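Residue numbers (the numbering used here): 37 to 287.
Note that CB positions come from ideal geometry on N, CA and C, so glycine has one too.
No experiment lies behind these values; they were computed from the predicted model shown.
Written below as C-alpha cells is the structure these notes are about.
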Amino acid sequence: MSAQETCLIVGAITGIGKETAELLAKKGWHVVVTGRSQGKGNKVVETITRDGGSASFHPVDVTSQESVAALHKHIPETHGRLDAAVNNAGMSSTFQPFHATPVENMGLMYNVNLKGTFYCMQEQLKMMLKQEKQDDAGKRGVTINMSSMSGLIGVPYAAPYSSTKHASTALKYAAEGIFIPAIAPGDIDSGMYVLEESYEGGAYTREQAAAMHPLNRIGTCADVAKAVAFLLENDFITGGVISVDGGISAR
Ligand SMILES: NC(=O)c1ccc[n+]([C@@H]2O[C@H](COP(=O)([O-])OP(=O)(O)OC[C@H]3O[C@@H](n4cnc5c(N)ncnc54)[C@H](OP(=O)(O)O)[C@@H]3O)[C@@H](O)[C@H]2O)c1
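Written as C-alpha cells, this is what we have:
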C-alpha cells in the first residue's frame, strides 16, 4: 500500500485502539490517533514514530458533535483523504442486574457508544462520498465499527451496554465504494475499567470470563487489531460482523 494512506482511529489512546494504531502503523498506514487526552495521545504517537511508523494526534470527545466535526474537518485539510476509519471509542458501566443500572450510566453509554459512533460515521461518509474511488476494488473508504459480542448475543449483567452495541451498518453505501464492516470482540484483556473491576470481585472473575469462551481464554488487544488489519486488506467484506470472541457466539 502507498505510504500516504490514512486511517483515523477514534479512541486510540488505550487498549484495542492503541494496539490497532501500532499495528496499522507497522503495516505502513499513517494513523490519526484520537482521544480526550492530548498528553496520553502524544505518548502513543511518540511510541509509533520511535518505532519507525507515521502517526499524529488530534483530540476528540465523541459525545460532542462539534468536536467530532472539528476532527473530521482536520483530516482532509491535513492528509488529503480519509482511506479508513475505526470507530472504536466506547465504554461500559459496571456489570449490574438490569433493574439496578443507574439511569445516568445508560445515558453515558448511549452518548458514547451510539450517538458518538453516529456522529463519526456521518462525518466519515460525507467525506468518503466526495473522494475518488481507488484501486481495482473501487474503494472510496472503509469504516469499521467496534461492536461487541454483546452486540450479537446476550451477556449477563450487560443488557444496557448490549443495547448500545447492536447498532447495525449501512449496506446502502456498498455501491458507492464505502465498505462498512464491524467487529464483535469477546472479552478482551484491554484494561477496560469495568472488566478490571469485575475481575477483582465483581460480576465474574478472570477465570470465569475465560471459561465463557470455547477457547478458554480472554482475548488480547492484538487479536482484535489483527482483525482490523485483515478487514482493511479485504475487498469483499462489507456490512458483516466479524466475531473475534474465541468461539463464544457460536456456542
Ligand atoms: N475489552 C473488551 O472486552 C471489549 C469487548 C467488546 C467490545 N469492546 C469495545 O472495544 C472498544 C475499545 O475498548 P477497550 O477494551 O480497548 O477499552 P478502553 O481501553 O477503555 O478503550 C476505550 C477507548 O475509548 C475512548 N473513549 C471513551 N469515551 C470517549 C469519548 N467520549 N470520546 C473519545 N474517546 C472516548 C477511551 O479514551 P479515554 O482515555 O479518553 O477514556 C479509550 O481510548 C470499545 O468500543 C469497547 O466497547 C471491548
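So, helix, strand or coil for residue i, using DSSP?
{"i": "Lys175", "result": "strand"}
{"i": "Pro133", "result": "coil"}
{"i": "Val69", "result": "strand"}
{"i": "Ile284", "result": "helix"}
{"i": "Pro221", "result": "strand"}
{"i": "Leu44", "result": "strand"}
{"i": "Asn124", "result": "coil"}
{"i": "Ile84", "result": "helix"}
{"i": "Ile52", "result": "helix"}
{"i": "Asn149", "result": "helix"}
{"i": "Phe215", "result": "strand"}
{"i": "Asn252", "result": "coil"}
{"i": "Val104", "result": "helix"}
{"i": "Val96", "result": "coil"}
{"i": "Ser198", "result": "helix"}
{"i": "Asn141", "result": "helix"}
{"i": "Gln167", "result": "coil"}
{"i": "Ile180", "result": "strand"}
{"i": "Ser226", "result": "coil"}
{"i": "Val191", "result": "coil"}
{"i": "Ala91", "result": "strand"}
{"i": "Ile278", "result": "strand"}
{"i": "Glu269", "result": "helix"}
Can you find the residues in the same chain that come closer than 7 Å, C-beta to C-beta, to residue i, ignoring five residues on each side of it along the sequence?
{"i": "Gly51", "result": "Ser226, Gly227, Met228, Cys257"}
{"i": "Glu159", "result": "Val104, Ala105, His108"}
{"i": "Met185", "result": "Val191, Ala220, Pro221, Gly222, Ser279, Asp281, Ile284, Ser285"}
{"i": "Ala246", "result": "Asn252, Arg253, Ile254"}
{"i": "Lys54", "result": "Ala48, Val80"}
{"i": "Thr200", "result": "Met145, Tyr146, Asn149, Leu150"}
Looking only at its own chain, which residues have a Cβ that is under 8 Å from the Cβ of residue i, when we skip the five neighbours before and after it?
{"i": "Gln167", "result": "Arg117, Leu118, Arg176, Gly177"}
{"i": "Pro250", "result": "Gly282, Gly283, Ile284, Ala286, Arg287"}
{"i": "Leu207", "result": "Ile216, Thr274, Gly275"}
{"i": "Ala39", "result": "Here the model assigns Ala39 a pLDDT of 49, short of 50, so the residue's position is not dependable, and the following value carries that caveat. Same-chain partners within the cutoff: Gly64, His66, Ser90."}
{"i": "Leu144", "result": "Met127, Ser129"}
{"i": "Ser198", "result": "Ser184, Ser186, Gly187, Gly190, Val191"}
If residue i sits next to residue j, beta carbons under 8 Å apart, how far is it from one beta carbon to the other, in whole angstroms?
{"i": "Thr179", "j": "Asn123", "result": "7 Å"}
{"i": "Ala11", "j": "Thr42", "result": "Since the first residue of the chain shown is 37 and the last is 287, residue 11 is not available in this structure."}
Touch check for the stretch 209 to 227 and the stretch 110 to 119: three-plus C-beta pairs under 8 Å? By the C-beta criterion, the stretch 209 to 227 is judged not to be in contact with the stretch 110 to 119, since fewer than 3 inter-stretch pairs fall below 8 Å.
Is the number of C-beta pairs between the stretch 89 to 106 and the stretch 66 to 76 that are closer than 8 Å three or more? yes
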